[in-house]
Every structure is written in C-alpha cells, then in structure tokens.
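Data first, discussion second: the structure below is written as structure tokens.
Protein chains: 2
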Amino acid sequence: MNEAKTLPFEKKAIGKSPWRVDGIGLVTGTAKFTDDIFLKNMLHAKILGSPHAHARILEIDTTAAEKLPGVVIVLTYKNVPRVPHTTAGQGYPEPSPYDTFMFDTKVRFVGDRVACVAAETPEIAEQALKLINVKYEALPAVFDVREAMKEGAPIIHDEPDADGIHDRKHNIAAHYDVEIGNLANGLKEADFVFEEEFETQYAQHCALEPHVCIGYLDDNHRIVLRTATQVPWHARRIVAQCLQIPVNQIRVIKPRIGGGFGSKQEVLLEDLCALITVRTRRPVKIEYTRREEFIASRTRDPSIVKMAIGVKKDGTFTAIDQRVTSWTGGYGGHSLTLLTNVGSKTLPFYHCKNVRFWGDSVYTNLPVTGAYRGYGATQGAFAMEQVMDMIANKLGIDPIELRKKNHIQKGETNPVFAALGEGKEGHDNPIESCGLDECIDRAAAAIGWNTKHRRYQKRDPNAKIKRGIGMACLMQGSGIAGIDMASARIKMNEDGSFNLLMGATDLGTGSDTILAQIAAQVLGVTTDKMLTYSSDTDMTPFDKGAYASSTTYVSGGAVKKAAEACRDKILKVAAEMLKEDVANLRCENAKVVSKSGKEVPFPNIISRSLYGQNQFQIEGEASHVSYVSPPPFAAHFAEVEVDTETGQVRVVDYVAAVDCGVAINPKLAEGQVEGAVMNGLSYALCEEMVFDELGRMLNPSFFDYRLFTTVDAPKIKTILVETYEPSGPFGAKSIAEIGINGPLPAIANAIYDACGVRMKKAPFTPERVLAAILAGK
Amino acid sequence: MNEAKTLPFEKKAIGKSPWRVDGIGLVTGTAKFTDDIFLKNMLHAKILGSPHAHARILEIDTTAAEKLPGVVIVLTYKNVPRVPHTTAGQGYPEPSPYDTFMFDTKVRFVGDRVACVAAETPEIAEQALKLINVKYEALPAVFDVREAMKEGAPIIHDEPDADGIHDRKHNIAAHYDVEIGNLANGLKEADFVFEEEFETQYAQHCALEPHVCIGYLDDNHRIVLRTATQVPWHARRIVAQCLQIPVNQIRVIKPRIGGGFGSKQEVLLEDLCALITVRTRRPVKIEYTRREEFIASRTRDPSIVKMAIGVKKDGTFTAIDQRVTSWTGGYGGHSLTLLTNVGSKTLPFYHCKNVRFWGDSVYTNLPVTGAYRGYGATQGAFAMEQVMDMIANKLGIDPIELRKKNHIQKGETNPVFAALGEGKEGHDNPIESCGLDECIDRAAAAIGWNTKHRRYQKRDPNAKIKRGIGMACLMQGSGIAGIDMASARIKMNEDGSFNLLMGATDLGTGSDTILAQIAAQVLGVTTDKMLTYSSDTDMTPFDKGAYASSTTYVSGGAVKKAAEACRDKILKVAAEMLKEDVANLRCENAKVVSKSGKEVPFPNIISRSLYGQNQFQIEGEASHVSYVSPPPFAAHFAEVEVDTETGQVRVVDYVAAVDCGVAINPKLAEGQVEGAVMNGLSYALCEEMVFDELGRMLNPSFFDYRLFTTVDAPKIKTILVETYEPSGPFGAKSIAEIGINGPLPAIANAIYDACGVRMKKAPFTPERVLAAILAGK
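Protein sequence lines, in the order shown, are assigned to chains A and B. Numbered by this note's numbering, the letters in the first sequence go through residues 1 to 777 in order. Numbered by this note's numbering, the letters in the second sequence go through residues 778 to 1554 in order.
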C-alpha cells in the first residue's frame, strides 16, 4: 500500500487494522442481530402479498383469519391510517413522490402488501393469511418501461391523493433534463459520434440478513423498534408519519446488521410493527422470508442508458449525451435520485463542455427498485466505460491513455456536478484529491496490461477458449454534498476510556471501528479504549443514516469534531495540572504530554475533572455536514477467458485499485473493495431476477437465483492508493460503493478484447455471450 | 402554599405537579424494577452469612456444595481477589477506611459474607449454602461502642492491610475533633450550662425493594450490571477496584428503584454479580431477602450525643460542645462523614462563638451502619432540639422565641460549616435563603401552638391521658458542598420534544420528573415533551449519585445549564429564521417568540437544523458543582397524647413546614416531607433492631420489626414555605432528608410538655415512656 506522500499528521490509531470493536461479539456469536432478540409474549406477523401484478381490491374478508385461534390482529387498508408517504429513507423533505400507503385498495406488483396478520406463532400467522378472502379486479399490467411510457398504457398510480409524481398518465415517477453547454454544437464539432444503448437487469442485494423488525412498548408505553435499518432517524420519521403520531412516541434502535447494501435504507416493516404493537400492546416481530426479500423488498433498478459521445480524432470529447430510462417498479421512492446519480457519477468524470443528461424513472408492475450499492453509478459506468473502450479502439488509442487524457484532475471541477444536484448553494464540488492515474498505473502493472491488451486475439484467432483483458475507470461520491449530516458524542471515563455515541449506522461494514479509530487518533489512545454505541434515536445524536458512502467521510467528520472538542477539554485540565499552555500540549499514548517533556496520564486528568478541582464531565459533541462530496476514484482491470463454444466467461484475474484518500483501516477498506468487486462480478456474470409474463418472479430463492459465492471468486487483488482529501477526516474518503461499478464494464471490455463482441446487456450469461458471438459471426 | 415573593422568572413548567415522567409505567405496572428482569439462562446467587458475630474462618470446604447438581460456582475468600476497599459509594478518594474485602478470613458481625453460591435456581443455591462446611474459631465479640473503645476490647480490624482506620486498637474507625473559638471560655461566660446525653437506636431503611442486582455480559463480553443503586458511577468504580479490571469493562444501568433512603448508596451485591458473570459467562441475579436486608445491608448508625450548652439568662449561647460516639458496626464505610454530619447540620444552626465538635465512630460486632436519610443530622437534631426545649423551659422563654433569637439568618454564615467539612477551598456556605421564621410562624399557627403549649398540664395534672405539644427546628443541606458534581445532556427531536439524559439517579423520589420540569421551564415546553433517561454509565454523563439531598439542587443545576445550552442553540437558529437578534427572543409554548411578536414553532427550527440550512443536532450538555450547600430549613410541631398508665404515645397532630426554596414540583415536595415525617415518626416511636447477647438480630422481619404504616399515620400537615435560593435551579433547594429529623425531638418535647419526662433514648416505646414516667414520680 502506498502512503499519501505528506500527511499533516502522524498515523497512530488510524492506518492500522485493529480488532473490530464489535469483533468479539461477532466471532463468538454473542452479537445480537434483530432476529436474535426474543421477547416474552411476542407476536409474529406475516404479510399477505398480492398474487397479481396489477389489480384493484374490491373486497377483503378477514373474518375467517380473525377467528383462527392464535390470531391476534389482522390489518388491511380498512383499519389503518391512509397517509401518503414514501418508504425511501432519504434526506427531508424527501425528493420522492408520496405514492405509497400502508395498505392501498390497489396492488401494483406481485408481492405488494394486501394484509398483515399478527399471531401467537409464525405458523398460525402464515395459516391465517390463507384464510383471508380477497376479491381482486385484475387490471392490465405493464412490465417494460418502454411500454409503460406509451400512450394508453395501464396507469399504475391513479389514486387521487398521490403526490409528487412527474407524469402519471405516462407512468413517469420522476424526470430530469439538464444541458450544460450546447449539445448540438458539441456533436457538430465531433469527428466521430458514438451512439450506443446499454441495459442492465433486475437484481437483489441478497444481504444475508433479510429485513426484520421487532416492535414493543417500553415502560412508559412508547413504541420501541429494534430494526435492521440503515436509517434509524428516517425510519422514526416515516413511521410517525404513517401512524400520525409525534416522533417522541417512537424510539428506533439498530442492533447488529447483517448487511444492507441500500436495501435497508427502506422502511418496509417498521410501520407494521409499530402499529401492531400499539394496537395489541404486545411485542411483535416481522421478518421477510428470502422470497419476500426478493419480490417485496427493494432491488437494483434496471436501466436503459443511451449514450451519444462526440469525439475529435485526438480523443477530445466535444459532446456527451446520456439518456436514462429506469425501472422504478410499483413505487417511486428513489426514482429521481437514482436517475440523476447515473449522470452525476459518470458525466463530470470526463472533460467535456457540452453535456446533456435527460432521464425518466418509470413505473411498471414489477418489484420496487431502490438504493443499491453504486446507486445508478453502476449502470452509468457500464455504459460510459464501454463507450470509452469503443472510442479508444476506434481511434487506436490505448484505453488507459484516453482516460488519462480526459478524466477530471485534482484542482478542477465540473459544472455537471452542480447541474445534477451534487452540492448545495452553489458549491461546485471541487476535486481536492485524485489518485486515479496512480490507480491506473499500479493496477495495469499488476495485471500486466501492456503485455496482454489487444494481444490475445492475434495469437490464436481460432482458439476455443479466448483470453481478453479490459479495464474501466470509476468515480463515486462520499456522502451527498450539502445534504448528509451526522453527529457524534464522546465522553471520558475514569480509566481514560471513552464512550463514543454515534448516530452513524454500522450495517456490518465495520464503520463503528473506523469511527472509533478516528476518535482514538484525535485523543491519542488505542482504538480499544473506545466503547462504541450506534445508533439509537433516544441515546445517540442525529445522523442521516448509512447510505451514499457517507459514513467514513461524513459521520467520520462528526466523530473527529466531537473528539476534538473532548480533547480540548482534556488539554485544558491538563494545562492546569502541568502549569503549561494548552498550545504546548498534545494527547499521546493515553497521556497529555508537553513540549518540555512533562506528562500526565488520562486517568489522573479525568479523576481531577470528575472528583477534583474542575468537576465536570469531559465530553464533546459535534455535528458535521460537508458541502462537497469528494469522489473516490478507481481503476479496475479484468482478465477473462471466454469459452466460445458455450459462452461461458471465466474471470481469470481481477485488479481493483482505489483512491480512498487516507485509509483509516486498510483491512476494512480492502474488505469493502473485495466485497464490492465480488458483488459486481456476480451482477455482471449471473445475477438476474427473472419474471414470467404475469410479472411473477421465477427465481426467488438462493437455489434458483445464481449468486457468486467464495467458490466462484477469481483472484482479486486490491490496491489502496492513498491520497489526502483535505475535507475528509484525516484525509479519508468513503469507498463503500465504488467497487461494484467496475466489473460490468471491465469484464465487458475484456470480453470484447477476447472475442470481439460487445455485451450491451447484463448479465453476461453463457446464453447471452454465446448469442452475441454467434450474431457476430 | 406561599409563593416566594418576587421571583426573577415566571413559573411555567415548574411550580406545577404534572404527571410523573415515569408515572404511566408505575401505575400500569410496566415499569421495570431490577427484579422484573429475567434473562435466559440466568443463575441465581445466594450468600452464606456468618452465624458468628466475630470469628476467624479456619477452613471452608465447598466440595459438597459444588457437587450439588445445579450449582455452578461457589465463591469464598479462597478464589476471589483480595482487594481492600469500601462499599460506601461516596466522593472519591473516599473518606472511608479501606477495611473491606470481597470475602475475608474473618467475620465481624452476624450475617457477614462467608461464601456465595450461584446455581440454576434460587432453591438450589439456598440448599448449597447448607452444604458449605465452615470451620470457625469464635472470637470474643463486642456490641457496645463504650465497651469497644476500652483498652483490652476485642480488636475487630486486625488485618494487616487495612487502611485508613483511625485507631484499630480501640476500634475507632474514624475520629474528628475541631474547636471554633474557645469552648472553655464560652462555658465560663455562661449563666447556665446544660449537659445532657442522648442515644438513638439501630434501625433499617426498610425500602420496599431490597438490594437486588443482575449481572450479565453484553455482546462484546463487557459486564453489565442492572442494579438498584443510588450511585451507578461509584458502583462501577468500586466493582472495578474489587475485580481489578478497568471501569471500561463495566456498565452500570439503574432500572426503576423501589426506594433507597441511603441504603442503596452501598455496593453490596454488584461485586459478586460481576465476578460470577465473568467467571461463569452467564447472567446472574442476587437479591437480598428481607432478613438479609436487615442484618447484612446497612442501617442507621445508633449514636450517643453528649451536649453541653452554655447559655446566658437572656438565651444567648456562649458555648456549644457536642460529643458524638456512633456505631459503625463491622465496617466503617460512612464512619467519618456520618459523624461529622451530626455536627455540621446542627452546630452552625445557632449563633455561638465557641463551639467544639468531637466524635468517634466505633467498630462493634453488630450490623454495618451507613447512609440513612438524615445522615447524622437526625441524631444531632434529637439532641440539640431537646436541649433547646430544656433551655427554653429553664429560662421561661417560649421555645419558638429561643430559636428565633439564635438561629442562623439569611446573609449570615458560620465558620462551623467549614470546620466540619461543608464547603471547599474556603467557601464558608453563606446562607442566601432562609424561610425558617415563616416556617415556625405558619406551622405554629396551624397546630395552635399559642393556645396549647404549656397549657395542657395545668388543666388536669391527674389525667390518665395527657396531651402535650412540642416543636423542633431543623436544617439539612442540599448536596455536599464542593464535592457533589452532576451532569446532564439534552437533545432536540424533530417534533420539538427533547431527550434528557441524566446521570442523576431517580430512586423512586420522582427526581426524573423534577429534573424534566427544570429543563422544560428553560426550554418553554410542557414537561411531557421531555423524554427522560437516567442513569447509565455508558449513555448518560457522570453524576455522583443520589444522596445527601443533592438531586434537585446539584443535578437540577446541571440539567438547567444543559437546557440553557440547548436553548441558546435553538435561539440562534430561530434568530436566523426570524431575522431577529437573539437578545429579542425567548422560548415559550414550544415556540421561539420575538419581542416584536414574530414566532416560529420548535419543529420548524429543528427541521431546519437537522435537514436545512444549519445542519447540526441541537443539544446541550453541562456539568454542575456547587461550592455551597444551601440548607433547607424546617419547623416541625407535634401534638401527642401520652397514656400515663401504659406509656403509649399517640401523635394527634403533626405539622411540618419546610423552606424548600422554590418548589419545583409541589406535590412531590409535599410527598418528600410526608414520607420523611412518616419515616421519622416510625423511628421515634417504634422502630428498633433488637439483638441478643450473641449479636443476632431478634426481629429481622416486617412481622417482628414494628414499622409505621399508613394505618398508623396521624394527621400530617405539610406547609411548603417558598424562598428563593439564588444558587439553586430556579431558586430550589433539596428537601429529601430534612423531614426525618423532626419527629424525634418534636415528639420528645411534646411528651415532656404532656407529662414532664424527657425521652433521651429512642424509640419512645410504651415500655420506655412508662419507665420514664415511673422514674419521674
């Protein structure tokens, strides 16, 4: 791992990979996930999902279900508040249409909520679902966005009080159109124009832990939700909205989480848990089955990305046009932001004066799409980075050189950021750190680019197994500029340890550890001296949640500030004890040390503060918001073998180099990259939700839904390229997502390098690759 | 209730008696006390207490106990760390001798710890205790402090590593001797010298909830103690000391508590729970039986108080000499501070230039004494206020006038405060509020003093039932000056509610409500907008605990400061929104209102702060320490009937007027006074722990230990006399203890008024009263 060349601080607690602060619990199995919690007298609830992709509910008869012994309550549209809302836990006011109700008189996809039964056992609840008699009026359904936008297509949202939908008659949930410069002129200036269309598929996050929530009343009859959520505060707000009660009646506590990847940015079970608990005065647990997780939670939005890029012969871009049409499924929570993110993570990446982005997010009668690692950038990179490859091939330039010539550099900015909603109040997201060239060079060297690219085909054009190599360059963000806010609180204990209370939500990523390292670095202690607690709407201060690669960067900024406030108080007490100026003091090895060599250990300082002269609790609290979203950058290289007889693609070697700013915890950073690459490989090569002609998913299980596991893993080499991001905590940027964006284009480009076919539709299954090879012959 | 005449603020949330913040839970039975918590796989532990008052343990054989099916661990001195410590949870470093070990090779009172068994059920644990074979060498025991101090008495603490014991050879745990002015000269100046000796008895707090603690390991294998404690931070510190682990390995959480009265200021079970949990990796519960609560927890320290007061004919005091000898029992946790508090709460009360206090706290082989409501002041007032009555009678002055002439007044101070350890760094505890004269006048009027005092005897000297009336004046403190420190934290939620996280420990008094009212008053909301949480060493900031009448005054001060810090941030955001100067803004009715009539509701402010322009968590945290301990004052009047044939004393009427500063919550203030008066009536008239000649308590049950219940209650009238204490939160002082100090002297004086006998030894049981009457004849 390369070090950022000159850092304005010395790495102590950061730059190391200590034990995870939740490691003992995870390793020994004592860590409590939501499903590990069993409460006395707890009900179990099950949800009746719609068998129809599109239907009106004419009547629901729950009498038989209610009579089944052990059934305690049945909820339908008839007995719950009808409040339009969104399930997407985003900033507030949300950029989402309020197109959702707890239960509606219409269902919009197979699996859409129809009723919910709470009973003494899960089995009774399940049995009761079968006793609910629903009379549906089936409506014509539409499953393809191209059809859905047409005049005369079934209108999916025709409810009177839907709000914020862009164009209901054409099923357009959200629309965005912006032009920077003059696209038409730019295209005219071009020597070549590349017009291509790419399409990605439906896929699910497949977190090992499905959505699960427990609700109960506390001692004072307030609702407590222990829930696997990425967004505790948004969940509290949305549940309060649904139930029409003040947020002070709800406490959301996040236990350990078994992965989110965006799916748990959605409030899917909490409203039901809260309402059942309030109505029955009993605890209740709801947990999605794997099938429900596939069809009724959230998925990646399939997108059609049309690119038109004008290029001069020398590889200068004169125009970039990106038109995106994406599936939002039955509801539109993330429709607008997913859409614009396709552009905002790809269009500002390359120098070009004339840029247009236009897009529509379109309702269909398929499962609801939402936040998923990469969040549009994955789809955008798939398109953009293949076109780059095409351009390089056409112009006879090395793809590396084309990118190096055009990509954004440190010290630059691009008005496209602001045009696509990145930044607030005119902040234009200046790039203050960019290690992309180093990423490219080191990854290229590691995989042997120069000796392999465009070489294999020449060797044996008739080989059955063909080798190829491809690459892609990537950019993501670190939080949502000007929107994401985080807070943290830290207090000192008598032994010189600290309680670090964070709003930040560790969803399994290890962010609690990373944030503890940041605090430990500020305070001059080892990370094990940080007792972490996250996140709980009663106990910890506000945090917008864990999404948009914001935790290390934004929440880390809050933790750093809180720790600094705490440190300043420590130094003040120590200054009195040592009779020194605060300016001469620093925290080091759990002591305060003066320039003149005097020192006092932390326990003496806090003892004096709590019990002695000073008598106050040494603590610090801070909030942090960033008006920029510094992109991590990455270069991915894939080497593949394509079996030209079967279409089977095997990834032989994969190198991912990422500019992560300063790596707070190198092992966790590498883990994020490896996990994201595996996730992307799986998405590129096999994952796909398949539906029948009635909109029913045909493969809603891990048996039928092909997913990469460790046995499928190729050799993956991760290279952390450290830069110093001045706006980040100790120079860090966030890299939770960027890694997933590489495999699609890098493998597609490698397939092209191997056998000359362009994979414009993912995933690259043997059938699809073989068809492309055959079509090309 | 009288209002403090002019307050520098308008009462809004304070001065009212809203629902208790924990009221719903308490009323509906959902509130969780420690014993309401059941954990899976939980062990139950029982303690083997010594049958001997004084013995050496020659051998313990636990083999049979360990073999009993269901027994998991047996602890004795052989397998636990031997760390000298104190169980008294006081300030740190403690003013207590380190004379205690988890288990020792010697036992010092009947019930002293010998072993502890943890088993699958309480029954098995109990059965296993009987299988522990202990070989004792019985030692001569001593039960009376007068005997214990003599040369040649059995030495109770002869262990080599005992620390801080004043004089082991004479069993003196603590000693104090201080003279202000010149006592001898003062006595010479006197026209009369009154020399009297008074003695009080052993009594137990009799909290409905006995000591109970649950230990378990959290997800990360840290020890969590959910325990009925008044001192979570001291408990954490002491357990860490006993187990020789850092405090960061321990979290102490205080559930609802069913009364403490000082007994739960002691760390009696937490060390065992922690050690069993660490050794077995299982949860464990230990709960005292009522018998153990009597003999093995803590009790009020019986005291012999010798008074010598020199008086001029006009009632001017020339000298006050107070000599105290108190029982500390087998261990000396509170020995020093209990001792000095006898003097510090009575000697500065009256003007006198020549004062001496000297005292010894003496080990015996009886149960350990400790903190108990009144904390020495009860014993001191019993002596002082009877002598006052004697002086008044001798000089022919109305007792009221004698007190009014001599008691400390607003604007004065008394060097005796500082001499007896009240105040730090030369703070001399100036009296800034004193409503005692009003207390006296209003209480006297309420009971009809002028028409009754010294009247009854004249009416019918030969009546069988004689009526009398007596009074006493009292003083306590509000926290320990310069020692007690408290902290609080408050954060604002999206609906304009607040989370108030307090280190303060509500032990059933309702202090959570009082502190919530203080915060609500600052923030201009109703008390129900405060979501309170107390107290938890991980989550809430430090607080020294609930003792010494400190919560309203000291913790209230911290809450007020934290709320003010929070308010200032609210006003800052509102100032931007309203385009007004902060100076023109105030919080009122959950809004910020400007002088010019503009206003903005709290939810808009916090929404802007969390999601809008400002983007920070509005919160405030503060610590507070007071260098004074402003005394609440009280005047108590009792009217009694004495049956001269049986010695039975019946309290006919009781009036307690208290200067409480500003009453934050009048109903809770009245409740404190009534509860304390009932407690004192019971102590004065019937409560007494009786021991046999081997030091075994003869009445360790509610059947045999006579305790006042509601059916015994006389008419009690409580008068809150409001003054404004400038150092208190909104002018408040603390009044948790003062009420218990009145019944002993007021009733004794009333008995004298009724039938001319002086009760110098408590309790005033029929036997003792009859004996005094017969002796006087």
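Built from N, CA and C at the ideal position, the CB exists for glycine as well.
Contact annotation: phenylalanine 1541/B and alanine 1461/B have beta-carbon atoms nearer than 8 Å. Among the residues of chain B, those whose CB is under 8 Å from the CB of proline 541/A are Lys1268, Gln1394, Glu1396, following chain order. Sequence-distant Cβ neighbours of glutamine 672/A in its own chain, meaning closer than 8 Å and more than five residues away, are Thr509, Ile735, Ala736, Gly739. By the beta-carbon neighbour count (other beta carbons within 10 angstroms, threshold 16), glycine 1519/B is buried.
Runs of the beta strand (DSSP E) spanning 3 or more residues and lying entirely within the region 574-606 of chain A occur at 585-588, 591-594, 599-601, in chain order.
The continuous stretches of alpha helix (DSSP H) do not include alanine 1513/B, and DSSP gives it neither H nor E. For arginine 442/A, there is no enclosing beta strand (DSSP E); the enclosing alpha helix (DSSP H) covers residues 436-447. In this structure, serine 1400/B places its C-beta atom within 8 Å of the C-beta atom of glutamine 615/A. Among the residues facing chain A, aspartate 1289/B is not included, as its CB has no counterpart in that chain under 8 Å away. Here isoleucine 156/A carries a coil assignment [DSSP, helix/strand/coil].
Around the CB of serine 1403/B, 16 or more other CB atoms lie within 10 Å, so the residue is classed as buried. Non-local beta-carbon contacts of alanine 1249/B in its own chain, meaning distances under 7 Å to residues more than five positions away in sequence, involve Ala1158, Glu1162, His1413, Gly1519, Pro1522, Ala1523, Asn1526 in chain order. Under the three-state reduction of DSSP output, lysine 1243/B falls in the strand class.
Not one beta carbon of chain B lies nearer than 8 Å to the beta carbon of isoleucine 518/A. Among the CB atoms of chain A, none fall inside 8 Å of the CB of leucine 1484/B. The distance from the Cβ of tyrosine 547/A to that of alanine 371/A is about 6 Å, consistent with a contact at the 8 Å cut-off. Separation of lysine 1510/B and arginine 1266/B (C-alpha to C-alpha, rounded to the nearest whole angstrom) is 21 Å.
Between the region 1139-1155 of chain B and the region 929-940 of chain B there are three or more inter-stretch CB-CB distances shorter than 8 Å, so the stretches are counted as touching. Residue burial is scored here from C-beta neighbours: threonine 864/B has at least 16 other C-beta atoms within 10 angstroms and is therefore classed as buried.
Within 7 Å of the CB of tyrosine 1388/B, the CB atoms of chain A belong to Gly91, Tyr92, in sequence order along the chain. Between lysine 1089/B and aspartate 1166/B, the CB-CB gap reaches or exceeds 8 Å. Selection Ile431/A, Pro69/A, Gly396/A evaluated against glycine 411/A yields Ile431/A as nearest (Cα-Cα). A Cβ-Cβ contact shorter than 8 Å links tryptophan 233/A with aspartate 543/A.
Cβ proximity to chain B below 9 Å picks out nothing from the region 50-72 of chain A. When CB distances to chain B are screened at a threshold of 7 Å, the residues of the region 218-239 of chain A falling below it are Asp219, Asn220, His221, Arg237, in chain order. For a cut-off of 8 Å, the C-beta gap from leucine 1045/B to histidine 988/B is around 5 Å, short enough to register as a contact. DSSP places serine 534/A inside the beta strand (DSSP E), whose first and last residues are 530-534. Taking a beta-carbon distance threshold of 8 Å, asparagine 1206/B does not count as an interface residue toward chain A. Taking CB atoms only, tyrosine 953/B has no neighbour in chain A less than 8 Å away. For the region 795-826 of chain B, the residues whose beta carbon sits under 9 Å from a beta carbon of chain A are, in order, Val798, Asp799, Gly800, Ile801, Gly802, Leu803, Thr805, Thr807, Ala808, Lys809, Phe815, Lys817. Nearest CB-CB separation between asparagine 1025/B and chain A: below the 8 Å threshold.
With a 10 Å radius around the Cβ and a threshold of 16 neighbouring Cβ atoms, threonine 1228/B comes out exposed. Scanning Ser873/B, Ile791/B, Glu787/B for the CA closest to the CA of threonine 1290/B turns up Ile791/B. In this structure phenylalanine 702/A is not in contact with arginine 291/A, their Cβ atoms being roughly 10 Å apart against a cut-off of 8 Å. For leucine 523/A, the CB contacts under 7 Å within the same chain, skipping 5 residues up- and downstream, are Phe498, Ala563, Cys566, Arg567, Cys587 in chain order.
Against chain A, a Cβ distance below 7 Å from aspartate 1315/B picks out Asn499, Leu531, Tyr533.
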